[in-house]
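Using the working numbering, the letters of the sequence shown map in sequence onto residues 3 to 453. See structure below.
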Amino acid sequence: MAVSDHVDFNGFMEGVKRRNPYQPEFVQAVQEVAEDIYSFLDTNEEYHSQQILRRIAEPDRVVSFRVCWEDDNGNVRVQRGWRVQNNNAIGPYKGGLRFHPSVTESVLKFLAFEQTFKNALTGLPMGGGKGGSNFNPKGKSVREIQRFCQSFMTELYRHIGADVDVPAGDIGVGGREIGFMFGQYKRITGQFTGVLTGKGLEYGGSLIRPEATGYGAVYFLMNMLATKGQDLVGKTAVISGSGNVATHAAEKIVQLGGKVLTLSDSGGFIHDPDGISQEKIDWVKTHKTHRRGRIEDYCAEFKSATFTAGKTPWGVPCDVALPCATQNELLGDDAKELVKNGCKAVSEGANMPTDLAGVHVFRDAKLLYAPGKAANAGGVAVSGLEMSQNSERRSWKEEELQQMLKDIMAGIHKSCETYGRQGDGYIDYVKGANIGGFKKVADAMLAFGVV
Ligand code: NDP
């Protein structure tokens with residue numbers, strides 16, 4: 003009998019905590035997966051004996067580096083940058099870059115770990131990675147952002163490559179920042195390759211990439227509702243965030259006949275009982291992305307709305323909820339409130355927005371509940387399609403890409419059903435996503451032996 007057979011779940015988690023002190027987000031993400039995977043490991047003795055879960059929960063490498071830049075007043079500023087390359091068993095590392103003051107090694111390790119399963123679920127050949135910096139883009143001039151992006155890439159370039167590691171955007175990194183970083187990569191290496199995704203259409207980007215995460219989260223929601231013979235027509239939706247994912251999720255909900263009641267940012271949330279129409283969403287996009295404004299300004303523009311400072315929107319009664327801002331923004335009590343108010347489905351646009359207590363509330367209540375690694379995989383899926391287009395040196399049409407995105411989200415839903423359906427018929431999407439993603443990566447790792 004292999005030594006690892008004797009390591010029970012608690013023993014495994016004790017080891018993860020011991021080896022990763024002061025990294026609560028990473029430990030949380032590993033625990034959520036391990037809770038589901040542990041019994042599945044028994045289906046193949048080799049998963050145990052080859053220590054597959056332990057190996058996936060240990061990043062291939064974590065690169066940490068200094069990023070120096072000069073602000074507009076000539077002051078030297080020093081930031082920390084990272085790239086976490088978690089696992090490349092099924093393809094080059096792939097995952098976004100986040101620029102936000104809350105970024106730490108723990109946050110990026112959790113995101114890279116989650117990304118490994120998410121990317122596997124898409125069915126595309128992509129490993130898992132994540133990177134970023136504690137740089138705060140808020141309040142910075144465009145020139146300062148450009149200088150920072152160039153300095154960041156001056157170190158990052160040596161760790162990435164079209165067949166090695168292909169970063170994308172995330173919080174604080176949109177098309178503009180990708181442009182600055184791609185330009186610097188090209189300047190340093192002299193190569194025009196698909197080393198980043200989320201690029202502008204003029205230089206190798208893909209149609210529908212900006213929309214893909216939010217749209218995908220709503221397609222996944224539709225797949226879940228369809229298992230109950232329902233759709234979005236006439237349903238009310240509560241959404242958090244007001245960035246890329248939130249605004250595109252809102253847009254798709256409206257297109258499919260639903261009514262969006264809320265959006266939020268780090269200052270609080272707005273509640274518009276009249277519904278947040280396409281015109282209002284367009285205003286939010288411009289105000290938040292281009293003007294870098296605050297969501298509370300919505301109320302001055304649209305009088306039907308109210309703003310609640312310092313709070314999340316989960317107390318507003320709704321049929322469906324989409325957390326689309328950041329990790330741990332929906333806690334156990336919020337989950338209880340949503341269930342009490344009759345919410346039927348939750349589709350996570352953000353990564354790990356629900357804490358472990360909240361996850362347990364949703365699963366115990368047998369809600370239709372899709373974790374981020376399944377529901378928000380549309381973004382990385384279209385990034386994968388951008389890589390394919392770059393390799394082929396051609397661009398696919400919007401209708402083709404829309405259909406591929408829908409098919410990929412339906413495929414992920416199917417995987418969740420296959421591995422997550424319980425004896426009473428309930429689909430445990432968390433379990434389904436964890437096992438579906440794990441199996442693919444694990445089987446590839448078994449093929450490679452001990453490496
Ligand atoms: P954006 O930077 O475009 O928007 C982030 C939004 O979340 C903003 O409204 C921001 O408010 C809010 N927010 C950020 N941090 C906090 C916080 N601590 N508390 C409350 N609100 C906060 O990012 P994205 O929309 O791209 O990303 C949102 C989530 O989706 C993240 O979890 C990301 O990892 C995930 N995701 C994104 C993908 C993509 O394709 N972009 C792909 C898959 C997942 P404020 O303006 O005040 O900072």
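Cβ atoms here follow ideal geometry from the backbone N, Cα and C, with glycine treated the same way.
| request: Take I297 as the anchor and find which of F271, S279, V318 and M183 has the nearest alpha-carbon. | output: F271
| query | Which residues have a Cβ closer than 5 Å to any heavy atom of the ligand COA, listed in chain order? | reply | This structure lacks the ligand COA; its bound ligands are the ligand NDP.
| field | Three-state secondary structure assigned by DSSP to G1 | value | Shown here, the chain extends from 3 to 453; a query on residue 1 therefore has no answer.
| request: For the beta strand (DSSP E) holding D267, just list the boundary residues, first then last. | output: K261 to D267
| First through last residue of the beta strand (DSSP E) which encompasses Q53 | Where Q53 is concerned, there is no enclosing beta strand (DSSP E), given that its DSSP letter is neither H nor E.
| Top-ranked residue by Cα proximity to G317, from V105, K142, G344 and T328 | G344
| request: Can you tell me which of D167, L123, I180 and S135 puts its alpha carbon nearest to the alpha carbon of Q148? | output: I180
| said: By the three-class DSSP mapping on this structure, what secondary structure does T118 have? | reply: In the structure shown, T118 sits in a helix (DSSP, three-state: H, G or I).
| field | Where the beta strand (DSSP E) containing R63 begins and where it ends | value | In the DSSP annotation of this structure, the continuous segment of the beta strand (DSSP E) that includes R63 starts and ends at R63 to E72.
| message | Could you compute how far the alpha carbon of A402 sits from the alpha carbon of G131? | response | A small fix is needed here, since residue 402 is Glu in this sequence, not Ala. Rounded to whole angstroms, the separation of the alpha carbons of G131 and E402 is 27 Å.
| query | Considering only residues of the same chain and omitting the five flanking positions on each side of Y95, which have a CB-CB separation below 6 Å? | reply | Q87, G129, G131 and D167
| What are the residues that DSSP puts in a beta bridge with G131? | Bridge partners of G131: Q87.
| Grouping DSSP H, G and I as helix and E and B as strand, with all else coil, what is D172? | strand
| request: For P103, name the three-state secondary structure that DSSP assigns. | output: coil
| task | Enumerate, from N- to C-terminal direction, the unbroken beta strand (DSSP E) stretches of 3 or more residues contained entirely within the region 222-261. | result | 238-242
| Inter-residue Cα distance where the pair is V78 and V69 | 10 Å
| said: Quick check: the Cα distance between R85 and V235, rounded to an integer number of angstroms? | reply: 42 Å
| request: Along the alpha helix (DSSP H) that carries H415, what are the first and last residues, could you check? | output: E400 to G422
| query | If you compare alpha carbons, which of G260, E146 and K346 is closest to G76? | reply | E146
| Coarse secondary structure for V5, derived from DSSP in three states | With a pLDDT of only 40 at V5, under 50, the local geometry of the prediction cannot be trusted, and the value read off the model is given with reservation. When DSSP states are grouped into helix, strand and coil, V5 belongs to the helix group.
| Name the DSSP beta bridge partners of F2, please? | This structure cannot speak to residue 2, because the chain is shown only from 3 to 453.
| Inter-residue CB distance, C151 and F194 (contact presumed, cutoff 8 Å) | At roughly 18 Å, the Cβ-Cβ gap does not stay under 8 Å, so C151 and F194 are not in contact.
| Where does D357 fall in DSSP's three states? | coil
| task | Assign L198 to one of three DSSP states: helix, strand, or coil. | result | coil
| query | F154 to G83, Cα distance in whole Å? | reply | 7 Å
| So, helix, strand or coil for Y455, using DSSP? | No information on residue 455 is available, as it lies outside the stretch 3 to 453 that the chain covers here.
| message | For the beta strand (DSSP E) containing A347, name the first residue and the last one. | response | A347 to S349
| query | Roughly how far, in whole angstroms, is the beta-carbon of E388 from the beta-carbon of R211, given that I think they are within contact range, below 8 Å? | reply | 6 Å
| request: Using 10 angstroms around the beta-carbon of S143, count the other beta-carbons present and answer buried if the total reaches 16, otherwise exposed. | output: exposed
| message | Looking only at its chain, what residues have a beta carbon closer than 7 Å to the beta carbon of D62, apart from the 5 residues adjacent to it on each side? | response | Within the same chain, and ignoring the five residues on either side of D62 in sequence, the residues whose Cβ sits closer than 7 Å to its Cβ are Q87, N88, N89 and N90.
| task | Tell me, to the nearest whole angstrom, how far the beta carbon of K237 is from that of G216; I am working on the premise that it is less than 8 Å. | result | The Cβ separation is near 17 Å, so there is no contact.
| request: Pull up the CB-CB distance for A327 and S242, whole angstroms please, since I reckon it's below 8 Å. | output: 5 Å
| Do you know whose CA, among S135, L448, Y40 and F309, lies nearest S66's CA? | Across the set S135, L448, Y40 and F309, the C-alpha of S135 shows the shortest separation from the C-alpha of S66.
| Is the region 329-338 touching the region 278-293 in the sense that three or more CB pairs, one from each, lie closer than 8 Å? | no
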